[in-house]
Amino acid sequence: MIENKDKKMKKLFSSISLRTVFVIPFIIQIVSAVGIVSYLSFKNSQKAIREITQELREEITSRATQYVGDYLEIPHTINTLNDSAFNINILNVNNPEKIRDYFWKQVKLTPKINTIQIGIHEQEKYIGVGRTDGKLVYKISDPLTTQREFQSYAIDERGRPTKKVSGRPNYKMRLRPWYQESFQSQISTWSLYIFFSHKTLGMTLSKPVYNQSGKLLGVTGIDITLEEIGDFLKNLRVGRTGKIFIIERDGNIVASSTEEQPFMSKGEDLVRLNASNSQIPTIRSTTNYLQNHFGNLNKIEKSQHLEFTINDQRHFLQVTPFEDPNAKGLDWLIVVIIPEADFMAQINQNTRITIILCIIALVIAATIGILTARWVTHPLIALNQSAKDIAQGKWEHTVHLERHGHDELGELAQSFNSMAGQLKESFQTLEKTNAELVVAKEKAEVANQAKSRFIANMSHELRTPLNAILGFTQIMTRSQTLPRDYQENFAIISRSGEHLLTLINNVLELSKIEAGKITLNQKNFDLHRLLDDIHHMFQLKADGKGLQLLLERDESVPRYISTDEVKLRQVLINLLNNAIKFTEAGGVTLRATPIETPDISLPKRISFAVEDTGAGIAPEELDKLFEAFVQTETGKEAQEGTGLGLPISRKFVQLMGGDIQVTSQLGQGTTFSFEIQVQEVDAEVVETEKQKRRVIALAPNQPRYRILIVDDKIFDRQLLVKLLNPLGFEIKEASNGKEAIEISESWQPHLIWMDMRIPVMDGYEATQNIKTTTQGQATVIIALTASVLEEEKAVILSAGCDAFMRKPFREEDIFEAMHKHIGVEFIYEEVQEKEIKLTREILTPENLATLPEEWQIGLQDAILSSDRKAMNGIVEKIALVHEELAEALQTSLYNFEYEKILNILCE
2 MIENKDKKMK KLFSSISLRT VFVIPFIIQI VSAVGIVSYL SFKNSQKAIR
52 EITQELREEI TSRATQYVGD YLEIPHTINT LNDSAFNINI LNVNNPEKIR
102 DYFWKQVKLT PKINTIQIGI HEQEKYIGVG RTDGKLVYKI SDPLTTQREF
152 QSYAIDERGR PTKKVSGRPN YKMRLRPWYQ ESFQSQISTW SLYIFFSHKT
202 LGMTLSKPVY NQSGKLLGVT GIDITLEEIG DFLKNLRVGR TGKIFIIERD
252 GNIVASSTEE QPFMSKGEDL VRLNASNSQI PTIRSTTNYL QNHFGNLNKI
302 EKSQHLEFTI NDQRHFLQVT PFEDPNAKGL DWLIVVIIPE ADFMAQINQN
352 TRITIILCII ALVIAATIGI LTARWVTHPL IALNQSAKDI AQGKWEHTVH
402 LERHGHDELG ELAQSFNSMA GQLKESFQTL EKTNAELVVA KEKAEVANQA
452 KSRFIANMSH ELRTPLNAIL GFTQIMTRSQ TLPRDYQENF AIISRSGEHL
502 LTLINNVLEL SKIEAGKITL NQKNFDLHRL LDDIHHMFQL KADGKGLQLL
552 LERDESVPRY ISTDEVKLRQ VLINLLNNAI KFTEAGGVTL RATPIETPDI
602 SLPKRISFAV EDTGAGIAPE ELDKLFEAFV QTETGKEAQE GTGLGLPISR
652 KFVQLMGGDI QVTSQLGQGT TFSFEIQVQE VDAEVVETEK QKRRVIALAP
702 NQPRYRILIV DDKIFDRQLL VKLLNPLGFE IKEASNGKEA IEISESWQPH
752 LIWMDMRIPV MDGYEATQNI KTTTQGQATV IIALTASVLE EEKAVILSAG
802 CDAFMRKPFR EEDIFEAMHK HIGVEFIYEE VQEKEIKLTR EILTPENLAT
852 LPEEWQIGLQ DAILSSDRKA MNGIVEKIAL VHEELAEALQ TSLYNFEYEK
902 ILNILCE
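Residue numbers (my numbering): 2 to 908.
Have a look at this one:
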């Protein structure tokens, strides 16, 4: 059955001419291209409409939110000023004339305010200044002077009342809604109602007022109308026929971009207009859709983008909650609705033109294809047959074309004949070579990919916990109550962590060394301080093994030099670490001595040596010491290290103009020594080490910054929380990219700390999603990553991140980034810089001569008798009067420099 079908198919295709086979695929391609272009054009138009309308809705909502917020801020400002005036007795409830003049000036200077008023609690007196028919009037109601009649007086140009213009009997100020709501809640409150005298919708912001002793004086109120909000909405262009309106949670209209009033007549009364009863079909249908979609308007908690149909026409909708965070009673929804038809007319016309052009192109292309096929078909048949023969290994078959002249096909036939002979000789050789190249290429690609994955993963796994170690150490050292010895311990942890970070970086730079890309980074620094720091770093480790760690620095060693400080530090640390690791008894000595040069114009050279009394190295192993990943037998027994320390150290020393030498005897010890080339510099060009200023608080008069921390590691999130929360930042956390997007949309943070390797949705995709919105464009996103690959920085920034920071980070880097990108201002701890002096500059005969004679004699006797306890007791007494001298003595005593101290005492 199957064979019969195959035969039928072969028979069918064999009966089709070459010309037909040449033309049909060409036509099919053109038809497919036309269809795909038409389809994509239609889909892209729909997508474009969604994107354009979303951007338009967000822009209009943003502008409306900004305007309403600014408009409602005016009553807050005036209420605050009035509250302060009553509190500090600029205004007094017993002086109504001064209150009247004060309110008159405010109303006159603030056109957007309708009325400024106060209800005095104990006296039940009402005083206010407002506008009626565009003119300023003075309003008063007093149980004593007006017998509770609400009286209005015209005001002259000096703010003095002239004649009575109206009166209303039996006015009970305490029963007014604006007074009651604020009096009961004891906070600022909005009251929204219809101003019958103006026949307009208005609001009152009321606020309780207290004197300096905290006693309630009354309630101030600011009346504003909502006509200006409506006028602003009318001026917003929402597409061609779109609408924007503001409603309360019960559906009552606050303002809209239409001419419809937000209230309606009911008999002789005016009542609020509910949006579901609006005469505007778009507003009415949109409100009904929101109520049906959410069930209740109170369930709308964040900005929503929705689509629905009105009379079979698609409409795009955005509804955004709006609240006043500084007062209760205001909970609105800002609704923007845009019909799809506003944008479809031009797009449909463009689509039709595109389709017509594609059809024309199809006809022209098909015609040209048929004509071309007719001209090319005949010679191609012959060439095709020859090509098949060559493909089958029939190298003796040649092409025979009867062409008039030497055209392209004739030349092609001759090339075929020449190529057949060459291919016959080299085909097998090429086939073998290609196979070998493919295998080699695959192996190289696999090796490179494995190496890159290893470097990236190892960096992430090492730097992530190190970030927590260094970060929480910084937080602990911020404590002002931490004992000094604890502070010193944390300082040692921090320095060791920094050392570990340097080790990680250097291990990962091994690939740079192999590629010859390592460079020398010259820096001016204090060599004496560097040696002291390294000595202190390893002192506890030596003490833990019962070893004596000595630093012997020749007096003529230059203090300020220029070379690669980081690489020199790393070499010394590697050598000292190995010496202490493989020494069980005795001690380790670090020496630094200058090398005399006959020509003073030549760069100076300094010799360093690390000598130990350890197990030593066998002669046959000395040649393999500096090979990567190779360890001696002693190193293998210790089961520590990677075998990279000495190879990296040697490369660093060679880069600094020297080489490492090693001498060793089994059972007696080992000495590693090297020389480097340095340049002596002046102290002025060396960056002095200053105490870092610690952030203790936020500067005043700043907004409450919202910070979102995105990291799947809880310790890393807690590190930033503990660092930022005490300063007053508003913090939220997310453990994956999806949570970050949701919180960003609803909370609108000012800044996001984004870890790039997080589950569910990684930091790259989350950043791209956030940055696609108008709101996200205003949010600063700083990437946190444990990767050390430089190329990843470009990828992260291209994803939309505003900045890039590697783990582990320092607290000052965090604060500096926040200041740079969102303008946060900090208050720093005031510190006094302590001048760093060398022991030899402090431990002088002049300084020792200032001590009491009995202390000098006691110290001399204690040294001669090697009484360590007595030495420490005298040093403690000296510390009370001369702390730096006591520290210098303690350092010299610790290094057993007894003869040096005795010589100074005897001078």
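Quick reminder that beta carbons are idealized off the backbone N, C-alpha and C, glycines included. Everything numeric in this text was worked out from a predicted model, so none of it was measured.
{"Item": "Between which two residues does the alpha helix (DSSP H) harbouring N770 extend?", "Value": "764–772"}
{"Item": "When the Cα atoms are used, what is the spatial distance from E553 to V711?", "Value": "49 Å"}
{"Item": "Using 10 angstroms around the beta-carbon of A934, count the other beta-carbons present and answer buried if the total reaches 16, otherwise exposed.", "Value": "Residue 934 is absent from the structure shown; the chain starts at 2 and stops at 908."}
{"Item": "Give the straight-line distance between the Cα atoms of I649 and L551, rounded to the nearest whole angstrom.", "Value": "25 Å"}
{"Item": "Only counting the same chain, and skipping five residues up and downstream in sequence, which positions put a Cβ closer than 6 Å to that of C802?", "Value": "T768, I782, A784"}
{"Item": "Please state the DSSP three-state secondary structure of T68.", "Value": "The sequence as given places Tyr at residue 68; Thr does not occur at that position. Looking at Y68 - three-state DSSP - the assignment turns out to be helix."}
{"Item": "Using the C-alpha atoms, what's the distance from T352 back to Y290?", "Value": "31 Å"}
{"Item": "When we look at the beta-carbon of D748 and count the other beta-carbons within 10 Å, is it buried (16 or more) or exposed?", "Value": "Per the sequence presented here, residue 748 reads as Trp, with Asp not at that position. Exposed, by the Cβ-count rule."}
{"Item": "Would you say T226 and F196 are within 8 Å of each other, going by their C-beta atoms?", "Value": "yes"}
{"Item": "Where does T78 sit, in a helix, a strand or coil, going by DSSP?", "Value": "helix"}
{"Item": "Which residues in the same chain as K568 place their Cβ atom closer than 6 Å to its Cβ, once the five residues preceding and following it in sequence are excluded?", "Value": "F653"}
{"Item": "Can you tell which of Q185, Y829, N575 has its C-alpha closest to the C-alpha of P701?", "Value": "Y829"}
{"Item": "Starting from the C-beta of M204, find all residues in its chain whose C-beta is less than 7 Å away, skip the five residues before and the five after it, and write them out in chain order.", "Value": "W191, S192, L193, I225, L227"}
{"Item": "Are G219 and H122 closer than 8 Å when you measure CB to CB?", "Value": "yes"}
{"Item": "By Cβ distance below 7 Å, which residues in the same chain neighbour E125 in space, the five residues on each side in sequence not counted?", "Value": "P144, M174, R175"}
{"Item": "By alpha-carbon positions, which one of V679, V722, R695 ends up nearest to R707?", "Value": "V722"}
{"Item": "What are the start and end residues of each continuous beta strand (DSSP E) run of 3 or more residues lying completely inside the region 77–143, in chain order?", "Value": "116–121, 126–133, 136–142"}
{"Item": "Can you name, in chain order, every residue of its own chain whose Cβ lies under 8 Å from the Cβ of I248, other than the five neighbours on each side?", "Value": "I254, V255, A276, T288, L298, W333, L334, V336"}
{"Item": "Within the same chain, show all residues whose beta-carbon is closer than 7 Å to that of V272, passing over the 5 residues directly before and after it, in chain order.", "Value": "F264, M265"}
{"Item": "Please classify Y172: is it buried, with 16 or more other beta-carbons within 10 angstroms of its beta-carbon, or exposed?", "Value": "buried"}
{"Item": "In this structure, how does DSSP classify T355 when only helix, strand and coil are distinguished?", "Value": "helix"}
{"Item": "Below 8 Å between beta carbons: does that hold for L331 and A65?", "Value": "no"}
{"Item": "For G219, write down the residues that DSSP places opposite it in a beta bridge.", "Value": "I121, V210"}
{"Item": "For V686, count the other beta carbons within 10 Å of its own beta carbon; 16 or more makes it buried, fewer makes it exposed. Which is it?", "Value": "exposed"}
{"Item": "Are the CB atoms of M872 and L886 within a distance shorter than 8 Å?", "Value": "no"}
{"Item": "At 4 residues or longer, and completely inside the region 556–588: list those alpha helix (DSSP H) runs for me, N to C.", "Value": "566–582"}
{"Item": "Suppose contacts are defined by Cβ-Cβ distances below 8 Å. Is I99 in contact with N93 by that definition?", "Value": "Going by the sequence as given, residue 99 is Lys instead of Ile. Going by C-beta atoms, K99 is nearer than 8 Å to N93."}
{"Item": "Who pairs with Y40 in a beta bridge, going by DSSP?", "Value": "According to DSSP, which records beta bridges pairwise, Y40 is partnered with nothing at all."}
{"Item": "Suppose contacts are defined by Cβ-Cβ distances below 8 Å. Is F609 in contact with F675 by that definition?", "Value": "yes"}
{"Item": "Just how far apart, CA to CA, sit V898 and N904?", "Value": "Inspection of the sequence shows that residue 898 is occupied by Glu rather than by Val. Cα to Cα, the separation comes out at about 10 Å."}
{"Item": "Since I believe E908 is in contact with P846 (beta carbons under 8 Å), could you give me their beta-carbon distance rounded to a whole number of angstroms?", "Value": "4 Å"}
{"Item": "Can you tell me whether DSSP reads Q891 as helix, strand or coil?", "Value": "helix"}
{"Item": "Would you kindly work out how many angstroms separate the C-alpha atoms of G642 and F583, rounded to a whole number?", "Value": "Unreliable placement is indicated for G642, whose pLDDT of 49 sits below 50; the coordinate value is still reported in the next sentence. C-alpha separation (whole angstroms): 12 Å."}
{"Item": "Taking I188 as the reference, give the member of D84, L548, I128 with the closest Cα.", "Value": "D84"}
{"Item": "Taking K165 and Q181 to be in contact with their CB atoms under 8 Å, please state how far apart those CB atoms are, rounded to whole angstroms.", "Value": "Contact flag wrong, Cβ pair sits at about 28 Å."}
{"Item": "What does the Cβ neighbour count give for T430, buried or exposed, with the cut at 16 atoms within 10 Å?", "Value": "exposed"}
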